[in-house]
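Only one structure is covered here, and it is reproduced in the block below.
Chains as they are written, first to last, in the numbering used here: chain A, 318 to 555; chain B, 318 to 555.
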């Protein structure tokens, strides 16, 4: 892991890194050892420093004394698309334009991305070393890729997930999630059918899991849910 | 309103009262004016001083500096059953024993009780006078009777509801609820069909409403939801 730049502001240090060609960011409290580490998974079409990712990282670092890390998902941000990515994305767009049902291709894309990012996240965890208990916070694409990660990685002790459903999430992965989960649903989400979101929550094997549903579309998660999710992570990692 | 007894402990004063034959309890911080008032609706078969009611009241008084009030619902606690109550309850029990579907009778009972308790709660509010912004916290029966109360009473500015569904709640009342609502669902509730609970949340006309669902049965609401509900009320009434 090679750190390429560092800036500090308002008590939080932000460091860019590269690990095996994967670009990432690490946020941490400036003047204290972090009490825990939260991996943040960005949404579809976003990247490691999307506004929602940065907002969560700053909240965790400044508010909870936690470190936070984000990486570009494969085919996102500064990372190239493979021929396979291009094929699926092109066909998916054609179907969104009326040439059929895009859902199976979204599932195929997410399964492909998950197979890549799960070992990548695990190598990031290895490289960062022990920064305390580990959590995960990813919605939408960050949930679809986070469910198999949380299932595979025993260092992760609690997760904030949501804005995704069974069809968009690699099959079977939810049954491997056993840690406490906060799961966000937008009640009028035009991108995620309500029944599929509820079914994904249902499929999580966690004994402690709480679904929070709010009115509005995919992008309308109320601001208070971020504070509530931080408290959830602080309760389980702090 | 006649106060009949008063005790204090741990900074909270508990006073029993009678108003027009209705027995009630008022909790308040011992040494300060209350910042708000929360009406607490007890569950089916319970009464004004059931353990869950007292726990909420003490949390609100000691933790938030709020007053809290509870009354026995008609046909509950120290209040008599009318011939009409007896008829419905007897028939409902027979059907629960195998003589048919009890759901329509539960709806009939709740509609009857709501018609009685809504004006009773309003008279309690009148008698207590101004104690600051008013909230409501009622689950199960306390939700079925609370939905029409919150719809009818403009002094109530926020409500914690849940553990009930469309079939058990007076028809049409949910569409009159417009204040912020926290709505609790138990994912494996054997008494409230999941679809009916989700449909009741759906029917609330509130612009701000959040559903919290947790695994387990009707009585298994996790302890952290009480703290979260208190913070919700403090946010809207404080």
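For glycine and all other residues, C-beta sits at the position ideal for the given N, C-alpha and C.
Cutoff 8 Å: residue i Cβ touching any chain A Cβ
| i | result |
| --- | --- |
| residue 529/B | yes |
Whether residue i touches residue j by CB criterion (8 Å)
| i | j | result |
| --- | --- | --- |
| residue 357/A | residue 332/A | no |
| residue 526/B | residue 532/A | yes |
| residue 496/A | residue 476/A | yes |
| residue 452/A | residue 473/A | yes |
| residue 329/B | residue 366/B | no |
| residue 408/B | residue 430/B | no |
| residue 391/A | residue 433/A | yes |
| residue 345/B | residue 387/B | no |
| residue 465/A | residue 487/A | yes |
| residue 449/A | residue 349/A | no |
| residue 355/A | residue 550/A | yes |
| residue 491/A | residue 515/A | no |
| residue 458/B | residue 361/B | yes |
| residue 468/A | residue 427/A | no |
| residue 327/B | residue 379/B | yes |
Any chain B beta carbon closer than 8 Å to residue i
| i | result |
| --- | --- |
| residue 465/A | no |
| residue 510/A | no |
Close Cβ partners of residue i (< 7 Å) along its chain, the five nearest in sequence each way excluded
| i | result |
| --- | --- |
| residue 513/B | 482, 483 and 484 |
| residue 425/B | 405 |
| residue 440/A | 336 and 337 |
| residue 534/A | 503, 505, 506 and 507 |
| residue 412/B | 418, 419 and 422 |
| residue 382/B | 346, 349, 351 and 352 |
| residue 444/B | 318 and 336 |
| residue 321/A | 333, 334 and 335 |
| residue 414/A | none |
Cβ neighbours of residue i in the same chain (closer than 6 Å, five flanking residues each side left out)
| i | result |
| --- | --- |
| residue 463/B | 358, 453, 455 and 478 |
| residue 393/B | 364 |
| residue 546/B | 477 and 499 |
| residue 493/B | 468 |
| residue 339/B | 388 and 437 |
| residue 324/B | 331 |
| residue 395/A | 340 and 389 |
| residue 435/B | 465, 466 and 469 |
| residue 521/B | 491, 494 and 498 |
Sequence-distant residues of its chain with Cβ nearer than 8 Å to residue i (five each side left out)
| i | result |
| --- | --- |
| residue 542/A | 501, 529 and 531 |
| residue 523/A | 494, 495, 496, 497 and 498 |
| residue 375/B | 327, 329 and 344 |
| residue 401/B | 429 |
Residue i at chain E interface by Cβ criterion, 8 Å
| i | result |
| --- | --- |
| residue 500/B | Going by chain labels, chain E is absent from the structure shown, which instead holds the protein chains A and B. |
Length-filtered (4 minimum) alpha helix (DSSP H) runs lying within the stretch 320-398 of chain B: Within the stretch 320-398 of chain B, the complete alpha helix (DSSP H) runs of at least 4 residues are 368-375.
Contact residues within the stretch 521-547 of chain B, judged by C-beta distance below 9 Å to chain A: Listed by position along the chain: 523, 524, 525, 526, 527, 528, 529, 530, 531, 532, 539, 541, 542 and 545.
Runs of beta strand (DSSP E) wholly within the stretch 493-532 of chain A (minimum 3 residues, chain order): Within the stretch 493-532 of chain A, the complete beta strand (DSSP E) runs of at least 3 residues are 498-503 and 526-531.
Sequence ranges, alpha helix (DSSP H) only - wholly within the stretch 399-467 of chain A, length at least 4: Taking only runs of at least 4 residues, the alpha helix (DSSP H) segments lying wholly in the stretch 399-467 of chain A are 400-411, 420-445 and 458-461.
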